[in-house]
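The opening position of the sequence shown corresponds to residue 75 in our numbering, with each subsequent residue numbered one higher.
Where is the CB? At the ideal position from N, CA and C, for every residue including glycine.
Beneath this line is the structure, given in structure tokens, with notes to follow.
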Amino acid sequence: MKTAFLCNLASAFAAALILLAPAASLAEPQHGIAMYGKPALPPDFVSLPYANPDAPKGGRLLLGEGGSFDSFNPFILKGTAPSGVSLYVVETLMGRSIDEPFSLYGLLAESVETDPERTWVEYTLRPEAKFSDGSPVTIDDVMWSYETLGTKGSPRYAGAWAKVAKMEQTGPRSVRFTFTERDRELAMLMGMRPILKKAQWEGKDFTESSLDAPIGSGPYVIDRFEAGRFVSYKRNPDYWGKDLAINRGRHNFDEIRYDFFSDENGLFQAFTAGLINSYRETNAAKWQSQFNFPDVQSGAVVKAEIPHQRPSGIAGFVMNTRNPIFADWRVREAMILAFNFEFINTTLNGGTEPRITSYFSNSVLGMDHGPAAGLEAELLSPFAADLPPGTIEGYSLPVGDAGQALDRKALRQARSLLEEAGWTVQDGVLKNADGMPFTFEILLAASATETQSIIDIYVEALKNLGITPTITVADTAQYKERTDKYAFDMAYMLRALSLSPGNEQYLYWGSKVVDQPGARNWMGMKAPAAEKAIDTMLNARNTDDFIAATKALDRVLTAGRYVIPIWFSKTGKIAHSSHLHYPTRIPLYGDWPGFQPEVWWYEE
């Protein structure tokens with residue numbers, strides 16, 4: 075493993091959070107912006123610290139994904155777009171460093187300016203910025219992109235756009251956004267919207283999915299594709315930004331190709347056959363037992379474990395509280411008790427992977443499992459009457475019996491909670507007082523075979539409670555359509571969370587999006603305490619308040635018992651061709667998007 079820089083990661087994050095000290099006034103345009111204070115890199119930085127500025131250009135990165143695609147517009151609800159369009163084809167005004175939790179640096183924009191209170195932000199375009207067809211990126215393109223995404227795009231753009239009181243051109247290459255309310259993150263968030271070519275969309279309906287290749291300003295263009303089967307991105311030799319400091323050592327492959335497979339087994343077989351040359355494994359037991367094929371033994375394939383210090387996020391089976399049977403926290407707790415994580419983890423992972431214990435676990439933002447104190451308690455106390463038990467007092471997930479599939483003690487506790495909630499076993503079936511059976515559907519994606527193995531074990535435990543759920547396995551398009559419309563009772567949910575949580579938390583957990591198709595609040599939660607915590611996060615002026623507010627949010631989410639959490643990994647497990655290389659220095663976020671493929675390279 076390449077871990078030479080790992081020992082410095084903790085101190086790097088601590089140093090970054092120290093920048094949450096009193097905000098510096100930006101009296102003039104700057105090369106970058108941080109949530110608080112100044113970004114870590116100076117104006118004359120040579121490259122991102124985790125990039126190799128001398129990395130050679132050339133070669134191919136061949137990746138695989140489960141599922142399919144039928145659109146090249148990832149900015150709307152309709153259709154399923156392939157990975158890569160947002161990453162390689164289009165660009166934003168500002169670019170992220172995955173070695174810092176809260177900093178952005180100029181990309182399409184040469185500078186950013188804001189007032190000390192962050193009531194407005196102004197970006198100035200680089201004069202050399204061009205789309206892949208050679209036409210200049212203009213302020214007109216920027217303003218059209220922001221308004222179109224905010225009014226016609228995915229719900230993830232609407233929340234921030236609603237907080238813009240005025241967008242105005244302030245110079246030949248400058249645009250200013252004035253905000254309607256206090257929200258310190260907006261000055262950064264507005265720099266992270268994709269910039270599209272206005273002329274390409276004239277006479278077209280932006281809300282309709284299409285396989286027309288978008289014209290972007292990014293380092294790659296869509297070269298070849300076959301809908302649902304593969305897409306190839308070719309590096310643009312005339313890319314306008316190739317010599318920018320933020321891009322040195324990045325975008326090194328001549329081609330990045332994605333092939334699509336119906337399930338994980340097919341993808342893995344393609345990798346062992348050499349049809350793809352990099353493969354990400356999420357199953358620890360499989361990583362240990364099945365990566366011993368001849369190319370691994372000969373050294374032609376390398377097993378890399380890349381450490382990170384980002385939060386665990388949440389992965390597991392979410393219960394949709396729009397269904398009345400899951401509206402009661404006692405029922406949700408019973409569902410969690412019936413899930414013997416320790417046995418499932420031992421069976422499928424050899425017991426090697428840690429459980430997700432809260433949404434921000436594995437980081438300083440994660441909740442403590444004892445009683446809330448200080449600002450955490452102050453934020454939550456006004457809502458105490460409406461919060462499930464344990465939110466303030468302390469809550470931990472149950473610990474099961476790794477030695478047997480059925481944890482009898484946990485199942486007894488689950489039956490007791492179900493009885494309190496009005497559900498009893500009658501003739502072997504769990505029913506309420508009116509005789510209505512406790513039935514629900516578990517929706518799974520066909521490409522995610524591991525989740526199906528988990529559910530197979532879980533369903534056997536539920537039978538002991540008189541519950542026999544219906545299992546529906548849907549293809550990629552059907553799964554997306556149903557989850558976008560919240561047309562499920564229980565489904566597998568994965569939500570990656572960063573060290574810089576902000577406005578996106580409203581999209582994930584806010585009450586205003588509960589009935590908005592395509593938002594991310596799959597559980598349908600309406601928790602004023604969560605929204606108070608998010609608001610405090612967005613307006614915190616120091617490290618302690620920010621962390622305390624995030625921990626308070628974590629308590630509301632975790633003790634809400636909305637998700638049956640599974641596991642996470644403290645390393646990214648990537649098996650790859652020995653011709654593929656990555657830098658010695660590992661960034662704070664580890665193998666987060668922005669690491670592979672951005673700073674990898676090919677070398678014979």
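Separation of residue j from residue i, as counted between CA atoms
i, j, result
"alanine 97", "glycine 111", "Bear in mind that the predicted position of alanine 97 carries a pLDDT of just 39, short of 50, making it too unreliable to give a figure here."
"arginine 250", "phenylalanine 669", "31 Å"
"glycine 138", "tyrosine 582", "28 Å"
"methionine 441", "isoleucine 640", "17 Å"
"alanine 603", "arginine 556", "28 Å"
"aspartate 317", "phenylalanine 299", "29 Å"
"valine 503", "isoleucine 638", "22 Å"
"lysine 226", "proline 175", "30 Å"
"proline 428", "phenylalanine 642", "6 Å"
"tryptophan 674", "glycine 387", "25 Å"
"threonine 326", "serine 363", "Reading the sequence as shown, one finds asparagine at residue 326 and not threonine. Distance between the alpha carbons of asparagine 326 and serine 363: 32 Å."
"serine 99", "methionine 262", "No answer about serine 99 holds up, because its pLDDT of 42 lies below 50 and its placement is not dependable."
"leucine 181", "valine 376", "33 Å"
"glutamate 102", "leucine 178", "16 Å"
"proline 456", "aspartate 118", "48 Å"
"isoleucine 528", "proline 201", "53 Å"
"leucine 461", "alanine 593", "23 Å"
"asparagine 366", "glycine 424", "17 Å"
"leucine 135", "aspartate 563", "39 Å"
Residue from the options whose Cα sits closest to the Cα of residue i
i, options, result
"isoleucine 172", "Thr193, Gly132, Leu182 and Leu122", "Leu122"
"isoleucine 541", "Ser527, Phe512 and Ile529", "Phe512"
"proline 229", "Ser435, Tyr124 and Gly584", "Gly584"
"valine 666", "Val295, Gly646 and Phe562", "Sequence inspection shows tryptophan at residue 666; the valine mentioned does not correspond to that position. Comparing Cα positions, the closest option is Gly646."
"leucine 254", "Arg247, Met241 and Ile107", "A small fix is needed here, since residue 254 is threonine in this sequence, not leucine. Of the candidates Arg247, Met241 and Ile107, the one whose C-alpha sits nearest the C-alpha of threonine 254 is Met241."
"threonine 658", "Leu136, Arg256 and Pro381", "Pro381"
"proline 368", "Tyr197, Gly468 and Gly348", "Gly348"
"isoleucine 399", "Gly106, Met597, Gly140 and Ala129", "Met597"
"glycine 509", "Glu102, Ala520 and Gly496", "Gly496"
"tryptophan 194", "Tyr162, Ala239, Asp279 and Leu151", "Ala239"
"valine 588", "Lys559, Pro445 and Gly576", "Lys559"
"arginine 489", "Arg406, Lys131 and Asp215", "Arg406"
"glycine 474", "Leu439, Gly424 and Glu416", "Glu416"
"glycine 132", "Thr166, Glu493 and Arg324", "Arg324"
"alanine 524", "Ser157, Ile648, Ser185 and Gly390", "It is worth fixing the name first, because residue 524 is glutamate in this sequence and not alanine. It is Gly390 whose Cα lies nearest to the Cα of glutamate 524."
"glutamate 221", "Glu196, Asp257 and Arg267", "Arg267"
"valine 305", "Arg322, Pro311 and Asp286", "Asp286"
"proline 472", "Gly277, Ser432 and Ala447", "Ser432"
"lysine 554", "Gly153, Pro116, Ala114 and Ala108", "Gly153"
"glutamine 274", "Arg256, Gly315 and Ser209", "Ser209"
Beta-carbon proximity list for residue i, same chain, < 8 Å, skipping 5 on both sides
i, result
"alanine 344", "Gly138, Asp333, Phe335 and Ile350"
Buried versus exposed, by CB contacts within 10 Å (16 or more), residue i
i, result
"leucine 568", "exposed"
"phenylalanine 87", "Only weak support exists for where phenylalanine 87 lies, its pLDDT of 44 falling under 50; the value from the coordinates is given anyway. When all chains shown are included, phenylalanine 87 counts as buried."
"glutamate 677", "exposed"
"valine 120", "exposed"
"arginine 247", "buried"
"glycine 664", "buried"
"proline 661", "buried"
"asparagine 419", "buried"
"serine 372", "exposed"
"proline 311", "exposed"
"proline 671", "buried"
"aspartate 628", "buried"
"proline 591", "exposed"
"alanine 507", "exposed"
"alanine 95", "Low per-residue confidence applies at alanine 95: pLDDT is 38, beneath 50, and the placement is therefore not dependable, though the value from the model is reported in the following sentence. Alanine 95 is exposed by the Cβ-count criterion."
Proximal residues to residue i (C-beta, below 6 Å), its chain only, five neighbours per side dropped
i, result
"leucine 536", "Ala412"
"threonine 546", "Glu515 and Leu517"
"valine 499", "Gly540"
"isoleucine 544", "Sequence check: residue 544 is threonine here, not isoleucine. The answer, listed in chain order, is Glu515."
"glutamine 243", "Ile213 and Val249"
"serine 160", "Pro148"
"tyrosine 353", "Phe345 and Ala649"
DSSP bridge partner residues for residue i (one or two, in chain order)
i, result
"glycine 180", "Met168"
"lysine 316", "Answer is none; lysine 316 lacks a bridge partner."
"glutamate 329", "Arg134 and Lys308"
"serine 352", "His650"
"proline 381", "Thr645"
"histidine 443", "Looking at the DSSP assignment, histidine 443 forms no beta bridge with any residue, so it has no partner."
"methionine 567", "Gly390"
"tyrosine 197", "Val186 and Val249"
Contact set for residue i: own chain, Cβ-Cβ below 7 Å, skip 5 residues either direction
i, result
"phenylalanine 205", "Val211, Lys271, Ile289, Gly290 and Ser291"
"alanine 155", "Phe143, Ser145, Phe146, Asn147 and Pro148"
"histidine 655", "Trp674, Trp675 and Glu677"
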